[in-house]
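Working notes, structure below.
In our numbering, the protein residues as written are 43 to 271.
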């Protein structure tokens, strides 16, 4: 690989270069294993544990989905790997199966973990993933000159108002001209939106922070934050 390029830059190249992609995946196997092991809390081995296969597939998926505006690739890939592991845990839990977990020492003593224990693992991982998404979301808000605390303060309390702001956000996301303007200027084209929706611009201005936050979440890789929309 090119030594003068950062990992984030190499990932962008790897999208279209299978050799670099395979090299990255092989090089970061220990990183993938460390994430899986921290989530499962047990000893794992490549070629034995299905979770590591899930991790490799997720790391490859992260390469496909990564863009510069998503921040650090390692942080982004950790989120993708964690999501896929949670999907796997949920699938097992829903099937009502037991799984075999190693206790983490050289003796590799085997413990049979029941559905309830698996649910505890999954919920813990989901909560951690939500926290990661919030951290990344806060960082992205700052690039728009917005603060998470101000967003909380300006979030509408009435259902009717929230529905209006969601409708405005959906209109923007469906209009290439509006979305391009927002990305270029980091602000809402209030007058254009008012004309298109036939509403007073003051209503849009009052919801400016909340509307932009909705757009960021809907366009971004925020699976858990989208659940709250």
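All residues carry an ideal CB built from backbone N, CA and C; glycine is no exception.
Bear in mind that the values here come from a model prediction, so they are computed numbers and not experimental data.
Spatial distance of residue i from residue j (CA atoms)
i: residue 118; j: residue 78; result: 15 Å
i: residue 228; j: residue 180; result: 15 Å
i: residue 221; j: residue 203; result: 22 Å
i: residue 199; j: residue 267; result: 18 Å
i: residue 101; j: residue 170; result: 18 Å
i: residue 121; j: residue 104; result: 9 Å
i: residue 13; j: residue 236; result: A question about residue 13 goes unanswered here, because the residues of the chain that appear run from 43 up to 271.
i: residue 65; j: residue 75; result: 16 Å
i: residue 211; j: residue 248; result: 14 Å
i: residue 149; j: residue 115; result: Residue placement at residue 149 is poorly supported in this model, since its pLDDT is 35, which falls under 50; the coordinates still yield a value, given next. Near 35 Å, if we compare the C-alpha coordinates of residue 115 and residue 149.
i: residue 201; j: residue 245; result: 15 Å
i: residue 89; j: residue 106; result: 24 Å
i: residue 269; j: residue 208; result: 14 Å
i: residue 226; j: residue 55; result: 25 Å
Residue environment, residue i, which counts as buried when at least 16 other CB atoms sit within 10 Å
i: residue 173; result: exposed
i: residue 165; result: exposed
i: residue 83; result: exposed
i: residue 264; result: buried
i: residue 124; result: buried
i: residue 205; result: exposed
i: residue 129; result: exposed
i: residue 53; result: buried
i: residue 58; result: exposed
i: residue 111; result: exposed
For residue i, the three-state DSSP class (helix, strand or coil)
i: residue 223; result: helix
i: residue 97; result: helix
i: residue 264; result: coil
i: residue 87; result: coil
i: residue 59; result: coil
i: residue 199; result: coil
i: residue 110; result: helix
Contacts around residue i, its chain only, beta-carbon distance under 7 Å, and the 5 residues preceding and following it disregarded
i: residue 238; result: 213
i: residue 251; result: 188, 192, 193 and 196
Chain-order list of residues whose beta-carbon lies under 8 Å from that of residue i (same chain, five-residue window excluded)
i: residue 183; result: 189, 190, 193, 255 and 258
6 Å Cβ shell around residue i - same chain, five flanking residues per side excluded
i: residue 97; result: 74, 78 and 123
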